[in-house]
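Please read the structure below before turning to the comments.
There are 2 protein chains.
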Amino acid sequence: MEPRRSVFFVSDRTGITVEILGNSLLTQFEEVSFRRVTLPFIQSRHDLQNAIDQINRAVEEEQQKPIVFLSIVDDDINCEMREKANALMLDFFQPFILPLEKELGVKSSHAAGRSHSVNYDYFRRMEAINFTQMHDDGATTRDLAGAEVILIGVSRCGKTPTSLYLALQFGIRAANFPLTPDDFSSHKLPDSLLPFRHKLFGLTIDPKRLSQIRQERRAGSHYASLENCRQEVRSAEALMEREKIPTLDTTAKSIEEIATTIIHQAKLKRHFD
Amino acid sequence: MEPRRSVFFVSDRTGITVEILGNSLLTQFEEVSFRRVTLPFIQSRHDLQNAIDQINRAVEEEQQKPIVFLSIVDDDINCEMREKANALMLDFFQPFILPLEKELGVKSSHAAGRSHSVNYDYFRRMEAINFTQMHDDGATTRDLAGAEVILIGVSRCGKTPTSLYLALQFGIRAANFPLTPDDFSSHKLPDSLLPFRHKLFGLTIDPKRLSQIRQERRAGSHYASLENCRQEVRSAEALMEREKIPTLDTTAKSIEEIATTIIHQAKLKRHFD
């Protein structure tokens, strides 16, 4: 068997992007076993030397070249990394700068990029998070008019994590509201939601998966039983269809996929680019 | 003045990564004005044709080439996009596949990558989000032993968004606990935190910025006054220093930077790669 291959994600900032992108490349090589190390905030000569040492140590220990996914804006640090680290260097930044300079007809600033206005983003996100936390799980119907989207669906179908993700990642004020057996027996939407029908977005889920999720919470309960989950999902889907509310099945989707699909389908304005 | 330049982020998945990476490149060209369009979930021929049409329409309208940041795993769709769209094509995926295949000595699967196990991630994240919401702002001290990290600091210094980000993005169970004037007058940590000192991580903030944030919430209050913010921050910092709690200044940092720095400094285990 091949020994594990070390992979380093090296960035002058958080490294989150480099990791995501690098990992999506690595999923193309499922038969290889990787050891992953993230080295964020590589900004000084001293950080750089540490990183190079770690990478070169892996070469010795594993008798093969590590993979380095790199995102460093500073030219000197970038060059030195390329020269001194013995690795397959995959650079997510530098190779794109020259074509951009040529096409745009201007020189790049070569400044370690900070994403736009930290201040503006921060206020907007804080405000969205406050709103979303306050309007989680139908906790209040006050100020629902301030919501940009209101997610509805049965308990545990993914409303809370999706709302929080929309707020945190995109600054979107996302409320969420459970559909309960009461709503199903009356065959209509909760009264408090009626003025905001145009903002409603439904989430649904495979009953088997829902039951599995609910079992984690309340094992053996009627609430978690497959029978009950089937019935709740069927009633919720019928209600949402009758009310012509756009609906998304969350079953096999990650939180990122659910959130992005909602933004796309509901044409929500994202507050950060 | 140059007309605005259209930028397209084209992905077969959510497009979030392509946007972040593309935007960090664009920050290098501050004098150019960009119009940004994200085209996520480009998976079929039909989606592809729509995307190509939009891009080529921009060429006509703006009389200049758009920039396209691309991440498409499927070879055919990728090729056709490159052939038929008249744009500067910056591909975050394909150029890295060949070097990886060569270095690893295996062929890539060319399958649209899904990040590992959606199921595992989902449970872990849900569980972390539940925990974090339950332990927001010191709401309960029950099960605090289950926290992987406990953020402390004065009200509005960034504890809540950071905790939620740690939970959502990395599946880390992050509690947070406010430091209040009561704690400052007793010159000690809240009793309920004492058993978990080794899990504490302090956040601090510039008093001017804190006052600005609090004014957004309660304008004109004593709570938001610069005078009071100065005193609270000074007392909190003194307390955390005396108790030898690692501390991070959040003032000029984004939520991502704060979260990643904490993971790094507190050596937290991240649950997703």
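Going down the list, the sequences are from chains A and B.
The C-terminal residue of the first sequence carries number 273 in the working numbering, and the numbering is unbroken.
The C-terminal residue of the second sequence carries number 1273 in the working numbering, and the numbering is unbroken.
No residue lacks a Cβ here, since even glycine has one placed at the ideal position from N, Cα and C.
Contained beta strand (DSSP E) runs [length at least 3] in the segment 1137–1186 of chain B, N- to C-terminal order: 1149–1153 and 1174–1178
Buried or exposed for B/R1057, going by 16 or more other Cβ atoms inside 10 Å? Position 57 of the second sequence holds residue 1057 of chain B. Its Cβ having fewer than 16 others within 10 Å, B/R1057 is exposed.
Below 8 Å CB to CB, which residues in the same chain sit around B/A1147 once its five sequence neighbours on both sides are set aside? For the purposes of this step, residue 1147 of chain B is identified with residue 147 of the second sequence, where counting begins at 1. Cβ neighbours of B/A1147 beyond the five flanking positions: F1131, H1135, R1173, A1174, A1175, F1196 and K1199.
Sorted by chain position, which residues of the same chain lie with C-beta nearer than 6 Å to A/H116's C-beta, five sequence neighbours on each side aside? Start at 1 with the first residue of the first sequence, and residue 116 of chain A comes out as number 116. Below a pLDDT of 50, predicted positions are generally treated as unreliable, and A/H116, at 44, falls in that range; no measurement from the model is reported.
Note down, in chain order, each residue of its chain lying with its Cβ closer than 6 Å to the Cβ of A/L90, except the 5 sequence neighbours on either side. Counting from 1 along the first sequence, the entry for residue 90 of chain A is found at position 90. These residues qualify, in order along the chain: F69.
Compare the Cα-Cα distances from A/V7 to each of A/N50, A/Y165 and A/K65 and report the closest residue. Taking the first sequence and counting its residues from 1, the one referred to as residue 7 of chain A is at position 7. Of the candidates A/N50, A/Y165 and A/K65, the one whose C-alpha sits nearest the C-alpha of A/V7 is A/K65.
Can the beta-carbon of B/V1149 be found less than 8 Å from the beta-carbon of B/I1262? Reading the second sequence from its first residue, position 149 is the one you call residue 1149 of chain B. Reading the second sequence from its first residue, position 262 is the one you call residue 1262 of chain B. Yes, the Cβ-Cβ distance between B/V1149 and B/I1262 is below 8 Å.
By DSSP, does A/P3 sit in helix, in strand, or in coil? Taking the first residue of the first sequence as position 1, residue 3 of chain A is located at position 3. A/P3 falls in the coil class under three-state DSSP.
Please classify A/R82: does DSSP put it in a helix, a strand, or coil? Start at 1 with the first residue of the first sequence, and residue 82 of chain A comes out as number 82. A/R82 falls in the helix class under three-state DSSP.
Check the Cβ-Cβ distances between B/L1226 and every residue of chain A, and say whether any is below 8 Å. Within the second sequence, numbered from 1, the residue matching residue 1226 of chain B stands at position 226. Cβ-Cβ to chain A under 8 Å: no for B/L1226.
Looking only at DSSP bridge pairs, what is A/S11 linked to? Position 11 of the first sequence, counted from the first residue, corresponds to residue 11 of chain A. According to DSSP, which records beta bridges pairwise, A/S11 is partnered with A/S71.
Return the CA-CA distance between B/N1078 and B/L1193, expressed in angstroms with no decimal places. Counting from 1 along the second sequence, the entry for residue 1078 of chain B is found at position 78. Counting from 1 along the second sequence, the entry for residue 1193 of chain B is found at position 193. If I take the Cα positions, the gap works out to 54 Å.
Proximity to A/S71 [Cα-Cα], best of A/Q63, A/E60 and A/P40: Residue 71 of chain A sits at position 71 when you count from the first residue of the first sequence. Of the listed residues, the one whose Cα sits closest to A/S71 is A/P40.
Reducing DSSP to helix, strand and coil, say where B/T1250 ends up. Position 250 of the second sequence, counting from 1, holds the residue named residue 1250 of chain B. Correct three-state label for B/T1250: coil.
When the Cβ atoms of the segment 1101–1108 of chain B are set against those of the segment 28–40 of chain A, are three or more pairs found closer than 8 Å? yes
By alpha-carbon positions, which one of A/R35, A/E243, A/D182 and A/T140 ends up nearest to A/P3? The residue given as residue 3 of chain A occupies position 3 in the first sequence. When each option's Cα is compared against that of A/P3, the closest is A/R35.
Measure how close the beta-carbons of A/I213 and A/L179 come, nearest whole angstrom, since I'm counting them as under 8 Å. Counting from one through the first sequence, the residue named residue 213 of chain A turns up at place 213. Counting from one through the first sequence, the residue named residue 179 of chain A turns up at place 179. That pair is no contact at about 16 Å.
Compare the C-alpha of A/K102 against each of B/F1092, B/L1098, B/P1099 and B/A1087 and name the closest. Sequence index remark: in the first sequence, residue 102 of chain A carries index 102 (1-based). With distances taken between Cα atoms, A/K102 lies closest to B/A1087.
How many angstroms separate the CA atom of B/R1156 from the CA atom of A/F9? For the purposes of this step, residue 1156 of chain B is taken as the residue at position 156 of the second sequence. For the purposes of this step, residue 9 of chain A is taken as the residue at position 9 of the first sequence. One C-alpha to the other measures close to 32 Å.
Using beta carbons (cut-off 8 Å, strictly below), is B/E1061 in contact with chain A? Taking the second sequence and counting its residues from 1, one reaches residue 1061 of chain B at position 61. No, its Cβ sits nowhere closer than 8 Å to a Cβ of chain A.
If we define contact as Cβ-Cβ less than 8 Å, is B/T1260 a contact residue for chain A? For the purposes of this step, residue 1260 of chain B is taken as residue 260 along the second sequence, with counting starting at 1. It does: the Cβ of B/T1260 has a partner Cβ on chain A nearer than 8 Å.
Below 7 Å on C-beta distance, what does A/T14 contact in chain B? Within the first sequence, numbered from 1, the residue matching residue 14 of chain A stands at position 14. Those are E1256, E1257 and T1260, listed as they occur along chain B.
Among A/L100, A/E19, A/L21 and A/V32, which one has its Cα closest to the Cα of B/V1032? Sequence index remark: in the second sequence, residue 1032 of chain B carries index 32 (1-based). Here the closest residue by C-alpha is A/L100.
Beta-carbon proximity of A/E83 to A/L48, cut-off 8 Å: Along the first sequence, read from residue 1 onward, the residue named residue 83 of chain A stands at position 83. Along the first sequence, read from residue 1 onward, the residue named residue 48 of chain A stands at position 48. Going by C-beta atoms, A/E83 is not nearer than 8 Å to A/L48.
Is it the case that the Cβ atoms of A/L239 and A/D183 are separated by a distance below 8 Å? Taking the first sequence and counting its residues from 1, one reaches residue 239 of chain A at position 239. Taking the first sequence and counting its residues from 1, one reaches residue 183 of chain A at position 183. In contact: A/L239 and A/D183 (Cβ atoms closer than 8 Å).
Status (buried if at least 16 other CB within 10 Å, exposed otherwise) for A/P207: For the purposes of this step, residue 207 of chain A is taken as the residue at position 207 of the first sequence. Classification for A/P207: buried.
A/T204 by DSSP, collapsed to three states: which one? Position 204 of the first sequence, counted from the first residue, corresponds to residue 204 of chain A. Correct three-state label for A/T204: strand.
Which class does B/F1034 belong to by DSSP, given the choice of helix, strand or coil? Numbered from its first residue, the second sequence carries residue 1034 of chain B at position 34. Strand, per DSSP.
A/D75 to A/P95 span [Cα, whole Å]: For the purposes of this step, residue 75 of chain A is taken as residue 75 along the first sequence, with counting starting at 1. For the purposes of this step, residue 95 of chain A is taken as residue 95 along the first sequence, with counting starting at 1. If you take the alpha carbons of A/D75 and A/P95, they lie about 12 Å apart.
For the segment 93–104 of chain A, enumerate the residues whose C-beta is nearer than 9 Å to any C-beta of chain B, in chain order. F93, P95, F96, I97, P99, L100, E101, K102, E103 and L104
Look at A/I129 and B/T1250 and say whether their C-beta atoms are less than 8 Å apart. Here residue 129 of chain A refers to the residue found at position 129 of the first sequence. Here residue 1250 of chain B refers to the residue found at position 250 of the second sequence. No, these two residues do not count as a Cβ contact at 8 Å.
Candidates B/G1202, B/D1121, B/A1085 and B/Q1265: which alpha carbon is nearest B/Q1054's? If you number the second sequence from 1, residue 1054 of chain B lands on position 54. That would be B/A1085, whose Cα lies nearest to the Cα of B/Q1054.
Within 10 angstroms of the Cβ of A/T140, are there 16 or more other Cβ atoms? Answer buried if so, exposed if not. Residue mapping note: residue 140 of chain A aligns to position 140 of the first sequence, counting from 1. The residue is exposed, with fewer than 16 neighbouring Cβ atoms inside 10 Å.
Secondary structure of B/L1104, DSSP reduced to three states: Along the second sequence, one-based indexing puts residue 1104 of chain B at 104. Here B/L1104 sits in helix by DSSP.
Are there 16 or more other CB atoms within 10 angstroms of the CB of A/G220, so buried, or fewer, so exposed? If you number the first sequence from 1, residue 220 of chain A lands on position 220. Looking at its Cβ environment, which holds fewer than 16 other Cβ atoms inside 10 Å, A/G220 is exposed.
Alpha-carbon to alpha-carbon, A/I67 and A/E278: Any answer about residue 278 of chain A is impossible in this case: the structure gives chain A only from 1 up to 273.
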